[in-house]
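Down below is the structure, laid out as structure tokens.
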Amino acid sequence: MDDYSETGDPVGSKVLAKKLPISVSSATIRNEMVVLSNLHLIDQVHTSSGRIPSNQGYRYYVDNLAKPLPLDSKYRDYISNSLSGSFRQIDDIVRQSAKILSQVTDYAAMTFSPENSSNDIINHFQLVRLNDHHLMAVIVMENEQVESQSFLVKQTVTVNQIEMTTNFLNQHLSGLTTSQTMIRIQSGFFDNLKRYIKDTTSILNAFRYLIQKVVSDRYFVSGRLNLFNQKHDLENAKPLYSFLNENSRLTEILNHSSQPISVQIGPELQDDVLKDYSLIAGTYDVGIHGIGRIAVIGPTRMEYPKVLGLVDAFRVEMQEQIKNYYHSYDQ
5 MDDYSETGDP
15 VGSKVLAKKL
25 PISVSSATIR
35 NEMVVLSNLH
45 LIDQVHTSSG
55 RIPSNQGYRY
65 YVDNLAKPLP
75 LDSKYRDYIS
85 NSLSGSFRQI
95 DDIVRQSAKI
105 LSQVTDYAAM
115 TFSPENSSND
125 IINHFQLVRL
135 NDHHLMAVIV
145 MENEQVESQS
155 FLVKQTVTVN
165 QIEMTTNFLN
175 QHLSGLTTSQ
185 TMIRIQSGFF
195 DNLKRYIKDT
205 TSILNAFRYL
215 IQKVVSDRYF
225 VSGRLNLFNQ
235 KHDLENAKPL
245 YSFLNENSRL
255 TEILNHSSQP
265 ISVQIGPELQ
275 DDVLKDYSLI
285 AGTYDVGIHG
295 IGRIAVIGPT
305 RMEYPKVLGL
315 VDAFRVEMQE
325 QIKNYYHSYD
335 Q
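Heads up, this note's numbering is the position in the sequence shown plus 4, with the first residue counted as 1.
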């Protein structure tokens, strides 16, 4: 596991034999590799090549063997000093955290400002008829933030259709968080609107855009170019580079777990763009001010112990710094 993580090259029996602390023949190691292959923990890329960990093997490794690597004093001091400056806004701390986390891991990093009931719950949905084919979508957040977007529909829309559609949206979506709403959208919820308006795609796209706009105010990503520094298929990195701008989808993925630290590997992320990547996420809790999230995404062969240790250190440091920020304003 460590060899493949470091080099990106399949590992053969001869390489392992040289590194073991005791003398073991290559034949014995090959037999053990066959056992691991039968357990679906390692894969053989080519007939003549060595082995690489499978996604199932990575899962076993993360769950049973990989432990967060304790940070040395150099890393701890660097993280603490980077986040202990004089920040004017919470978002400045969160943005700086993404930047530093991407630098120390050499992967892409994402951070989300704390979510709370006022800045994350959608209080009201509204459709406004501007003319027969021209509508406006409006969402009102619990903190009274209002976002709107005008758009065109193919069919003629009546006032009655608008009222029924608006009532249906509020009946089923009002009071949900942005991430909960996006999950509904991804599951085909807007198909239910066809009983009122046939062109549901335009409505869906308008409300999706508004939700992404709200979420983007709390979302920061850094280190996109790190994706191209890995010994990895560059063609896979290109779509991921674009994917990192889709903050609503990332929010959905990060909300998958509320654990302090979680690891999702390849297919577990349920997106073809991410099938060769792993995501290590952490949460930080700042009490009444909400819960925020941080994450690192990199190839499945990433250095799990190192990244687990860094993500844990960052979430603890961010939690402390943001609490201090709020405390200074509460006094």
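Where is the CB? At the ideal position from N, CA and C, for every residue including glycine.
From a predicted model like this one, the values you see are computed outputs, not experimental measurements.
Distance, residue j Cα to residue i Cα
i: S262; j: T287; result: 7 Å
i: Y329; j: L180; result: 28 Å
i: S369; j: E324; result: The displayed coordinates of the chain run from 5 to 335. Any statement about residue 369 would go beyond what the structure contains.
i: R80; j: A317; result: 8 Å
i: M37; j: I46; result: 8 Å
i: I33; j: V219; result: 51 Å
i: H176; j: N240; result: 38 Å
i: Q159; j: R253; result: 30 Å
i: I97; j: T205; result: 37 Å
i: A21; j: A31; result: 10 Å
i: G302; j: L139; result: 41 Å
i: A113; j: L244; result: 13 Å
i: A70; j: R63; result: 10 Å
i: S77; j: P309; result: 17 Å
i: E307; j: R199; result: 51 Å
i: V290; j: R99; result: 17 Å
i: I83; j: L278; result: 28 Å
i: V108; j: P57; result: 25 Å
i: L238; j: N230; result: 11 Å
i: P74; j: D276; result: 33 Å
i: D136; j: I326; result: 49 Å
i: V39; j: Q60; result: 14 Å
Residue i and residue j closer than 8 Å at C-beta
i: Y8; j: R305; result: yes
i: M145; j: N127; result: yes
i: Y111; j: V267; result: no
i: G16; j: G54; result: yes
i: A102; j: F232; result: no
i: D124; j: T182; result: yes
i: I292; j: M322; result: no
i: I189; j: V157; result: no
i: S106; j: S226; result: yes
i: E151; j: G294; result: no
i: I104; j: F211; result: no
i: T170; j: F116; result: no
Supposed contact pair residue j and residue i - C-beta distance, whole angstroms, cut 8 Å
i: V320; j: I284; result: With a Cβ gap of about 15 Å, V320 and I284 do not count as contacting.
i: A141; j: L197; result: Wrong, their Cβ atoms sit about 12 Å apart, outside the cutoff.
i: Y281; j: G270; result: 7 Å
i: V49; j: P14; result: 6 Å
i: F193; j: I207; result: With a Cβ gap of about 11 Å, F193 and I207 do not count as contacting.
Exposure label - residue i; buried when at least 16 CB within 10 Å
i: I257; result: buried
i: T162; result: exposed
i: L134; result: exposed
i: D6; result: exposed
i: T11; result: exposed
i: N85; result: exposed
i: G313; result: buried
i: L131; result: buried
i: E167; result: exposed
i: R222; result: buried
i: I26; result: exposed
i: L24; result: exposed
i: V311; result: buried
i: Q216; result: buried
i: L87; result: buried
i: L173; result: buried
Heavy atom of the ligand COA within 7 Å of residue i beta-carbon
i: K202; result: The model on display carries no ligand, and the ligand COA is accordingly not part of it.
Taking only runs of the beta strand (DSSP E) that begin and end inside the segment 59-127, which ones reach a length of at least 3 residues, in chain order? 112-119
In the segment 29-59, which residue ranges form an unbroken beta strand (DSSP E) of at least 3 residues, counting only runs that do not cross its ends? 46-48 and 55-57
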